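Heads up: the sequence shown at position 231 corresponds to 232 in the working numbering, and the numbers run straight through without jumps. What follows is a short report on a single structure.
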Amino acid sequence: MDRARAKRIAKQWMFPTETTSYMGGLEDRPVLVRSEGRTVTDSDGKEYLDFQSGQMGAALGHQHPRMTAVVENTMRSMMHSTNTMLNAPRLKLHERLGKLLPLPLSKSLFLVSGSDTIEASVDLARKATGGVDVIGFHAGLHGSTSYLTRSLSFNWERRKHSVVAPATQAIVTPYCYRCPLKLKFPSCDIQCLDTSLELADANFTTKPAAFIGEPILSAGGVIQPPEGYFKKLQEALKARGMLMIMDEAQTGLGKTGKLFGFQHEKGVSPEIIGISKHFGGGLPISAVCTTAKVARDAVKNGYFATRSHATDPLLCAAGTESLNIVEDEDMAGKAAKIETRIKGAFNKMAKEFESVGDIRGRGVLLGIEFVTDRVKKTPANAQTKMIFDYCLNKGLIFQIRGTRGLQNVIRLVPPMTTTKPELDRALSILYDAVKRASKGKRRG
Ligand SMILES: Cc1ncc(COP(=O)(O)O)c(C=O)c1O
């Protein structure tokens, strides 16, 4: 399909926000027709390195051959099934995931999307604790269902989302590069958390139920809470009878260099986690995982969560194979190596270009924040857009992210299977892009 026809269809038939929501101009972007490995191809035959892993669902690479084989086989035997009966792929996935989870997490239920896991996790925490209030990071994003998950996605402007769910409130994101309290870690002693909790305690309208957060805030601009933050938070939650829900949509299953993002901090053990994105190796399946005790307490109070397609053999078989691949092919180890290479290249660039303000994230979830000067940390939104445009033109795809008004972080999420030559190519394009966008602003 040629670009002109694609543009006409988009303008005439697509819902308007579809074409305007992400930095606008979707109808002028390439029309993708094929994907394989780390490459997507547009309708003109132009190839792009996909450093956003689709919408993060292709972190194993597009059409991983083992995924394709399992999907083809399962489609011939049983694609869909009722969730009121057991089916073999569903049971196998419960067992596979159960054995992989760090104890005391052991129980799982399956859903379809990341937003589903958040809806179900919050309800789980509420039913298990008898509380209602939920707190989350003010730069967090947890989904797009129109009521609860948008209300908890404080990084979006909540007022845009019609009615906001009650008993949801934000706490300050520990964004050390731009500390909202203008303090410095570690001498700050994580004051942002004390202040946040003091305010939350004053705001609670009921018994509180849970905190929800991403181990690394992806859409908020790849913000990595400092060492010790989650441990201190979990102690505070326990003191209030609240549960910790970790949204591992973006950080789970190897991407940060460990199986789960929360495992980077010793002594942190969330009672509930949500996994989605590449869990299905490209197909939509998600899971809520919890401890036997939380599951029991919630079920006593009438908890249940399901979707018509959540236990489809096709999706469950895909889930099991993606977990096999993550383990067999040491995806976490691969992600850690990619982190070293990309951070190494940007650390070098930071010596040359003033605009490279901060380099952060883990594994294949990395963010580079651009500024016009390093002292004032003025966000370089325009230069960041120039970098994005240049890279897209040269065949490299990623997204721009940031907290609220900021759009100055390039978020790189290459598939964990990205090869050395592919990384070299991407880094060479990025170097040229940063150089052009930094014209006249070289260091030294
Ligand atoms: C951290 C996080 N949680 C939840 C979601 C929602 O997932 P989905 O779009 O599959 O509902 C997203 C989406 O990007 C996300 O980044």
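Cβ coordinates follow ideal geometry from the N, Cα and C atoms, glycine included. Since we're looking at a predicted model, the values are computed, not measured.
Whether residue i touches residue j by CB criterion (8 Å)
i      : j      : result
Asp134 : Ala168 : yes
Cys290 : Leu33  : no
Ile213 : Leu149 : no
Asn394 : Gly403 : no
His63  : Ser36  : yes
Gly283 : Ala59  : yes
Val41  : Ser287 : no
Gln225 : Arg375 : no
Gly137 : Ala171 : yes
Gly364 : Leu50  : no
Ala311 : Lys108 : no
Arg241 : Pro209 : yes
Ile401 : Lys386 : yes
Ala220 : Leu142 : yes
Gly253 : Thr207 : no
Asp359 : Tyr178 : yes
His279 : Leu104 : no
Gly268 : Lys232 : yes
Through-space distance from residue j to residue i, alpha-carbon basis
i      : j      : result
Phe347 : Val357 : 8 Å
Ser277 : Leu234 : 24 Å
Asp190 : Leu182 : 12 Å
Leu102 : Gly406 : 37 Å
Ser163 : Gln192 : 33 Å
Ala351 : Lys100 : 42 Å
Thr419 : Glu370 : 23 Å
Pro422 : Leu428 : 10 Å
Ala166 : Met243 : 19 Å
Cys392 : Arg342 : 19 Å
Ala129 : Asn88  : 28 Å
Ser270 : Trp157 : 28 Å
Asn86  : Ile273 : Residue 86 is actually Met in this sequence, not Asn. Distance between the alpha carbons of Met86 and Ile273: 25 Å.
Pro285 : Met247 : 19 Å
Glu266 : Tyr230 : 9 Å
Asp124 : Ala211 : 10 Å
Ser188 : Glu355 : 26 Å
Gly275 : Asp313 : 19 Å
Gly38  : Gly262 : 24 Å
Gly281 : Asp425 : 28 Å
Pro227 : Phe186 : 8 Å
Pro90  : Arg160 : 42 Å
Arg6   : Trp14  : 12 Å
Val372 : Lys440 : 13 Å
Ile430 : Glu48  : 14 Å
Ala203 : Ser197 : 10 Å
Pro17  : Asp329 : 43 Å
Asn380 : Lys338 : One detail in the question is off: residue 380 reads as Pro in this sequence, not Asn. Cα-Cα distance, rounded: 29 Å.
For residue i, the nearest candidate out of the options (CA to CA)
i      : options                           : result
Tyr304 : Ser122, Ala427, Ile136 and Val71  : Ser122
Gly222 : Thr321, Met80 and Thr174          : Thr174
Ile388 : Thr379, Asp374, Arg375 and Arg412 : Arg412
Asp452 : Pro90, Arg151 and Leu200          : This structure cannot speak to residue 452, because the chain is shown only from 2 to 445.
Gly115 : Lys208, Leu254 and Glu249         : Glu249
Asp3   : Glu28, Phe186, Met15 and Phe16    : Glu28
Thr307 : Thr83, Trp14, Lys338 and Asp359   : Thr83
Leu1   : Lys386, Leu367 and Thr379         : What is shown of the chain runs 2 to 445, which leaves residue 1 out entirely.
Glu199 : Thr252, Phe354, Leu238 and Thr146 : Leu238
Glu353 : Phe16, Thr292, Asp313 and Ala438  : Ala438
Gly46  : Pro90, Pro31 and Asp425           : Pro31
Thr146 : Ala11, Glu120, Asp433 and Asp390  : Glu120
Phe399 : Arg6, Ala434 and Cys180           : Ala434
Gly26  : Asp390, Tyr432 and Asn302         : Asp390
Ligand 3 heavy atom lying under 7 Å from the CB of residue i
i      : result
Glu215 : You won't find ligand 3 in this model; what it holds is ligand 1.
Item checked: contact_flag[the stretch 246 to 258, the stretch 332 to 351] where n(CB pairs < 8 Å) is 3 or more -> yes
Notebook entry, point to check: Would you say the stretch 412 to 427 touches the stretch 53 to 65, given that touching needs at least three Cβ pairs under 8 Å?
Noted result: yes
Next item on the list: State whether the stretch 290 to 299 contacts the stretch 66 to 84, with contact taken as three or more CB pairs (one from each stretch) at a distance under 8 Å.
Entry: no
Item checked: Cβ contact check for the stretch 323 to 330 and the stretch 57 to 68: 3 or more pairs under 8 Å -> yes
Margin query: Under 8 Å: do the stretch 82 to 97 and the stretch 305 to 318 share three or more Cβ pairs, one atom per stretch?
Written below: yes
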